[in-house]
Amino acid sequence: DHFPIDGQAKNLLLDPCEDEPLDHLVWDGQTGAVGVIPDPSRAGRGHVTIDLFHLNQEPLREERRWKYLLVRYLLVQVVEEDPINPETCEVLRAELLPHRPWLGVVRQLLSRPDDRARPLVDAALAKLPEIRVWIADWL
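Residue numbers (my numbering): 2 to 140.
Here it is in structure tokens:
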């Protein structure tokens with residue numbers, strides 16, 4: 002069955018129109034892997050979604066990894082450039098558009114950065130506050 006339900010007819014797949022993926026899934030930007038958050042009440046649906054859609058197969062992992070590394074690189078450029086190169090802003094803004102692929106890993110990076118990424122994200126947001134406007138629609 003490609004639309005699994007539990008014993009009470011509840012959908013076991015995550016629906017990104019109804020569910021917030023960041024409440025169920027976690028992305029490893031360094032490897033591109035997707036996993037489930039450590040909350041047992043939410044892990045089941047995350048596992049089913051990952052397994053059914055084969056979300057950890059190559060090249061999906063590699064594409065997510067490259068997206069993460071590209072956005073992280075652009076944030077580094079924002080922090081280090083003085084003044085910020087307009088081309089850096091243009092490319093970063095394009096990568097943050099809501100229709101761009103692999104937005105989950107980017108949303109996590111910007112809205113729930115891990116301890117290693119937090120200083121970079123905070124510095125980039127402080128130096129280029131327009132980022133908050135660019136991501137307001139999907140954050």
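We put the CB at the ideal spot given by N, CA and C, even for glycine. Please read these numbers as outputs of a predicted model, since none were measured by experiment.
Worksheet item: In this structure, does DSSP put residue 1 in helix, strand or coil?
Response: There is simply no residue 1 to check, as the chain begins at 2 and stops at 140 in what is shown.
Discussion item. Excluding the 5 residues flanking residue 124 on each side, which residues of the same chain have their C-beta closer than 6 Å to its C-beta?
Written reply: The answer, listed in chain order, is 80.
Practice prompt. My understanding is that residue 92 touches residue 121, with C-beta atoms under 8 Å, so please give their C-beta distance in whole angstroms.
Written response: Cβ atoms of residue 92 and residue 121 stay farther apart than 8 Å, at about 17 Å.
Worksheet entry | Delimiting residues of the beta strand (DSSP E) encompassing residue 36 | Looking at the DSSP string, the run of the beta strand (DSSP E) that includes residue 36 is 35-37.
Fill in: At least three beta-carbon pairs within less than 8 Å, the segment 34-51 to the segment 68-77
Output reads no: the segment 68-77 does not touch the segment 34-51.
Practice prompt. Have a look at residue 47 and residue 116 and give me their C-alpha separation to the nearest angstrom.
Written response: Their backbone Cα atoms lie some 23 Å apart in a straight line.
Worksheet item: Just how far apart, CA to CA, sit residue 63 and residue 32?
Response: Distance between residue 63 and residue 32, taken at the CA atoms: about 7 Å.
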